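Heads up: the protein sequence lines correspond to chains A and Z, in order.
Take any residue in the first sequence, count from 1 to its spot, add 966: that is its number in our numbering.
Take any residue in the second sequence, count from 1 to its spot, add 3: that is its number in our numbering.
Where a beta carbon is used, it is the ideal one built from N, C-alpha and C, also for glycine.
Bear in mind that the values here come from a model prediction, so they are computed numbers and not experimental data.
Comments concern the structure below.
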Amino acid sequence: MYIRSRRDFLRTALQSATALGAMSAFGRINALASSGSGYQALVCIFLAGGNDGHNTVVPLTTAQQNYSLYQQGRQTLALPQSSLLTIMNGSDSYGLHPALPEIQTLYNQGHAAVLANVGNLVQPLTRSAYLGNNSALVPSALFSHSDQTGQWQSGSTNGTASTGWGGRMMDLMASQNSGAVFPSITSTGGCGLFCTGQQTFPATVPPPYSGSTSATGMATLNVGQSGPAGAGLQQLLTFDNGVQLVQAGNGIVSRGNQYANTLTGLLAHSSVSTKFPANNPLAAQLQTVANVMSVRASLGLTRQIFFCQLGSFDTHGTQLETQQALLQQLSQAVSAFYQATQELGIDNSVTTFTASEFGRTLNPSGTDGSDHAWGNHHFIIGSDVKGGRFYGSFPSLVLGGAQDANTRGTLIPTTSVAQYGATLAQWFGVGASSMATVFPNIGNFTSANLGFLG
Amino acid sequence: MRIRVKNLTVLCCAGVFSLLAGVAQAQSVSISPGYTTIGVNGTVQYAATVTGLSNTAVTWSVSGVNGGNAQNGTISTAGLYKAPATIPANGITVGALASDGKTSSEVYVNVAPPGPSITAVSPNPVPVGQYTVTLTGKGFQSGATVRNGNINLSTTYVNATTLTANGYQGTTAAGVFQVENPGSLWGPALSVPFSGSSGGGSTTQTISPTSASVKLGATQQFTSSGATSWSATAGTISSSGLYTAPATMPASSAVTVTAKGPNGSAAASVTLVSGAVQAVTPASATLALGATQQFTSAGATSWTASAGSISSAGLYTAPATLPSSAAVTITANGPNGAGHASVTLIPPTPVITSAGSGPLPLGSFSATLTGTGFTSQSVAKLNGSALGTTYGSATTLKISGYASASGSASLTVSNLSVTSQPFTVQVGVANAQVSAATARRFLQQAAFGPTPNDAAHVQTIGLQPWLTEQYGMAQVSTYSGITSSQGGMPAHFLTMAVSNPDQLRQRVAFALSQIFVTSFEKLIWNDNMTLFQDMLLADAFTNYRQIMADVTLSPAMGQYLDMANNAKADPQAGSVANENYARELMQLFTIGTNMLNSDGSIQYDKNNLPIPTYSQFTVTEFARVFTGWTYAPASGQAVEWNSYISSNGPMVPYEAQHDEGSKTLLNGATSPGGAAQQDLNAALDNIFNHPNVGPFVGKQLIQHLVKSNPSAAYISRVAAAFNNNGKGVRGDMQAVITAVLLDPEARANDAGSADQASDGHLQEPALFIAGMVRAFGGQMTDQNYYSSELANLGQDLFNPASVFNYYSPGYQVPGTTLTGGEFEIHTPNNAIVRDNEVSNLMFSAYQKPVQTYGPGTTVDLTPFVQLASTPATLVSALDLTLTRGVMPSAMKSAIVSAVTADASNGSVHQVQTACFLILSSSYYNVWH
């Protein structure tokens, strides 16, 4: 990519859309389900460390079970029933963690949905199949942070991928962004595997430093670009002495300089007026996402994926206090971000979803923490979400029961990450026939669309 | 300097062994204002913003002491800081601790001494245009800077009461001059008028007086600023402008005296007249320093001398020390006016007797010359090129410069026009064991990069002997001097990395700290972290089994991975032992998740899938082993279960909470269980003896020290050394380190002509900053600002987001098929930040060779400034210093062009530009 004038970018972007519109009469191009359908964005919020889903969504009175069963398994980690925020799934009542009132509101407005018991799966799995120890049937290294993070983000289940499903989706979408002058994937929380495709590399846009009035924390080169030092630096970037890591370094500096010049030129200060909560690292990231979205037309992007991270969810100890603070940040940040998308007029075009490498054991370890587990509950938020209800299958919390991989409430997922991602991908414009490129084992599951998006 | 925002760590997570990046804590404190400079007894009002806690009160501290103290300054409960009455010895931090007792923030405050005062500026008024002024005052220090308004001037230190400065001012607005000494505040201002000169700019050479009437045989002193030559159409004129009229009247009584100087030439007219002159006898004399000469002049009533002293009776004594010019004017005032005589001082002849105890190192060097006859005007030269020369005494001079070629060279010292006999010195190492390029590359792997002295030493003794020397060197590096409760460790890491001699120990300990990871994110306080890092330093050359034992029972790791106070299962309560330490000990510290071959490759089962090293069941079994350990009590106290975190030494057993049953360990082995310590020993032995440990650990050590993509054969050789050091011992760290560093694959590219596509590794931020300063022989003190800068570069030292380290060793570099862990934090944004770190340091000083970044970091470019007039020589010199002399010629040419194009910005800027271009290049950043 090279810098062109803004007018050139917009002109080319419109040309692409028109060309696609014309060609759609002759069938699909590049596996797009729809063409010229305007702007769409996916925002992934990765809860790093393994969020405890058992205390995020708690059964109160359901056809399957009730609060007291939850409490028996949870022991010292159980949240008091009166503190939970009630939501209905049909005639079943559940309680959200007390730190999630904003998500409760979005759920009740029909803009948020719960996806229950989702996790990495090779194929649908029963407890007895799991206990049979057949490596072909079960994802590898199930309780390892690094492997499970890799599998969640790559969409493969044996941890050897080098691209992620966000990147692979964008590889397929390249023609939608043919006029782009900025990467289609932006990360505010590191350049994770999720963001990397065969041809797609993300831009990393940190949030601004606390106290700064800039719209982003992107750095631009201090050295004047036109003096001998700046010109020399550019020239040296073109030299190749045959060592690939040196070349990689050159590419990174080159891209960094280009991205920073492009974005800071457009975004010296934010034009998004929605107030985001202060001292909330996820809110700072989502505010940066909103800022980047606000200049999407100038960036020439009609499809964008964003990646944000919130950390410290690995609650082997002090779980109750830690998760309270983190989920409060999540809820307040997500709510402000939703309002920002309304302000920008794109709330129907933006879908935000949570992810985490695994859930945690229902049964505590020690008195105040839990161990690594597997299936987890997640949220999908946006105006296009068919919210106010649950998707997937909420598991039984009986210890050692049919949904337990052992005796500690380690949920065997009933919905796979592939299905979760494929539902998002289809909404995003990836055609069913290309889905296996993005999710290699999607064919192992009965449904590639869970139906939570309109 | 920015406020360190502890909670913002932007990291990547990718690759096979992915990383958790936590952008973390919900509770936070931030302090404003940020970095501030004040004088003694000055005050700053701080405010703290607390979030995530209902009680927003904070406790203020100064350098770790609540409320501060007299030495570092005090701070009230309302956050009003008052600096102490004297400058504190160390950098001062102001801290705010929130009501939860663990969330905090800190900012630096720089208490600087007052600046020196100026008593006079000359000339006064200052002519507009290009000007040179002499400032008189007191308390000036070498390195002082003069400014006029906001503009720093090029300043020359003469002595404690005199500075000269050059500047440009185009208007006649009053100049406001101030002086700062290094590290001080700006001193009081002195306002000095500027006056316009004829012709709109004082760029002409002037002469004074412009006309004079001189008797035959008499003398007249002329002055012309900066004049380098004098001539007269009749009579004679000395090099100091002393005109002597002819004895008899020439054809014309009109004489023109001309001075030539930096601004052109200036002429004065002299009219010769007859008449009695005030003759002085003798008219001239040549004297040694301190010698005397009697002058006479009829009826003279007073005598003066431009240097030295003269009595009222005309007895002149030459100065004891050589002034900047050997020409002295003697003046007698008498009935016929002023008469002059000239004295020429004889500089002492310098003699060099030694140039230090060994050869001068190749590259930039400093040394001490001993001899006789040295003066404050002495200038040393190496093969005819002037060196930086600092007068010590008549018998010592300090010299510094750049030596570009190995072999024998000639040193001379000159006192003005008198030069010593040449003294032969060896530059570089005679009978070198390895080449200069090899030594420097080796030190990129085994140290924090080369210094010229260290490289010379490696060349002198060879690689294996250097390793032996390092193994035998007692531990120098330690964090035990850190007394504050938070902060200070990253800065100290860099100080030690730049200058401590136990370089290999530090590199290995740093690598081990990225395998056995702990983090301030959970540890919070310095106590346990300093002990932990010191333990890795102490254990670096021992045995891996020893390290495993010491890590397992360290209170830092006990806290970090929940082994401290880990209770055995309680069936009634339904709880089981915490798995955290058991899992990460195996996954990250010893064997990994997949069975490996001895060459580090993954083994596959019949489904072509990796074979796990352990199952979930094994994790729970080891979790049972690691029960019943708690923090050591204070001395004399009994061991208590659930005791609070302490740093009173390794954890201690509490048998009642230890699960004594038998356990199934790795590879089907069972342990009978039993008491906590024996159970633990058996478990650690079991893990230690797993065949994975050699390749798993060996590969990571190669990646941290040498290259990110070692061949399978290289890993096999290192794993073999781990398995058996040749004397039947497994896990011998010295054998492993030697195998890593002396392997033929590690040494293959020493000469620089055998680049392989998969070579090298990116310098992580901590290595990069330390190496940049070390390469120039620079200084780093604990006051350096790089703690927060390292975080901005993606490596918040000792505070990684999770136990998976700052980056994952298996991270695949996008766009390649290669591994490069350090690239995981080298995001496009962080790469730009890194280039800015280089320019912040290398372009920090305007027209001055000493670069600084805050008070703690200094790099002196003086040896290179002398080379700027020949850009090719300059770039070769920097090539040797930074890229071991093997830079590709196309890259050198590009830098030479840039340096040449930069000439109008002055020689210091040319050097800065060349340094910036090399240090920001990927060629430099990726050591290969």
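In the same chain as residue 149/Z, and ignoring 5 residues on each side of it, the C-beta atoms closer than 7 Å to its own belong to 138, 156, 158, 166, 168, 180, 182, in chain order.
In the displayed model, residue 136/Z falls within a strand according to three-state DSSP. Under the DSSP assignment, residue 1058/A falls in the beta strand (DSSP E) whose first and last residues are 1058 to 1062.
Looking from the CA of residue 106/Z, the closest CA among 51/Z, 81/Z, 143/Z belongs to 51/Z.
The Cβ neighbour count for residue 227/Z, taken over all protein chains shown within 10 Å, is at least 16; the residue is labelled buried.
Scanning the region 318 to 347 of chain Z for uninterrupted beta strand (DSSP E) segments of 3 residues or longer gives 318 to 320, 330 to 337, listed from N- to C-terminal end. The shortest CA-to-CA distance from residue 31/Z to any of 1076/A, 1292/A, 1154/A, 1184/A is the one to 1292/A.
Look at residue 1162/A: its C-beta is under 8 Å from a C-beta on chain Z. If you ignore the 5 residues before and after residue 1368/A, its C-beta comes within less than 8 Å of the C-beta of 1092, 1093, 1362, all in its own chain and listed in chain order.
The beta carbon of residue 1326/A does not come within 8 Å of any beta carbon belonging to chain Z, so the residue lies off that interface. Exposed is the label assigned to residue 609/Z, since fewer than 16 other Cβ atoms lie within 10 Å of its Cβ. Secondary structure at residue 1198/A: helix, using DSSP grouped into helix, strand and coil. Judged by their CB atoms, residue 1205/A and residue 894/Z are nearer to each other than the 8 Å cut-off. Chain order gives no chain Z residues near residue 1020/A, where near means a beta carbon separation below 8 Å; the closest approach is about 14 Å. Taking C-beta atoms as the reference points, residue 1407/A and residue 1389/A fail to come closer than 8 Å. Contacts between residue 1218/A and chain Z, judged by CB atoms closer than 7 Å, involve 829, 831, 834 in chain order. When rounded, the separation of the alpha-carbon atoms in residue 497/Z and residue 537/Z is 15 Å. The beta carbon of residue 1136/A does not come within 8 Å of any beta carbon belonging to chain Z, so the residue lies off that interface. Counting along the chain, the unbroken alpha helix (DSSP H) around residue 1118/A starts and ends at 1111 to 1120. The residue from 258/Z, 264/Z, 285/Z with its alpha-carbon nearest to that of residue 272/Z is 258/Z. Following the DSSP letters along the chain, one finds residue 654/Z in no alpha helix (DSSP H), marked with neither H nor E. For residue 1241/A, the closest of 1275/A, 1299/A, 1227/A by C-alpha to C-alpha distance is 1299/A.
With contacts defined as CB atoms closer than 8 Å, residue 1364/A and residue 1035/A qualify as a contacting pair. Residues of chain Z with a Cβ closer than 7 Å to the Cβ of residue 1333/A are, in chain order, 578.
Closer than 7 Å at the C-beta level to chain A, one finds these residues of the region 905 to 928 of chain Z: 905, 916, 919, 920, 923, 924, 925, 926, 928. Beta-bridge partners assigned by DSSP to residue 71/Z: 77/Z.
Residue 702/Z: member of the alpha helix (DSSP H) spanning 696 to 708, first to last residue.
Taking all protein chains in view, the Cβ of residue 588/Z is crowded by 16 or more other Cβ atoms within 10 Å, so the residue is classified as buried.
Rounded to whole angstroms, the separation of the alpha carbons of residue 445/Z and residue 706/Z is 15 Å. For residue 718/Z, there are no neighbours in chain A by C-beta distance under 9 Å, as the nearest C-beta there is about 18 Å away. Considering only beta carbons, the part of the region 882 to 893 of chain Z lying closer than 7 Å to chain A consists of 891, 893, in chain order.
Contact between residue 303/Z and residue 317/Z holds: their C-beta atoms lie close to 7 Å from each other, under 8 Å. Look at residue 476/Z here: in three-state DSSP terms it is coil, with no helix or strand label. Residues 1064 of the same chain have their beta carbon placed closer than 6 Å to that of residue 1049/A, with the five preceding and five following residues left out of the count. If you ignore the 5 residues before and after residue 929/Z, its C-beta comes within less than 8 Å of the C-beta of 763, 764, 765, 766, all in its own chain and listed in chain order. Taking 8 Å as the threshold, the shortest C-beta distance from residue 1032/A to chain Z does not fall below it.
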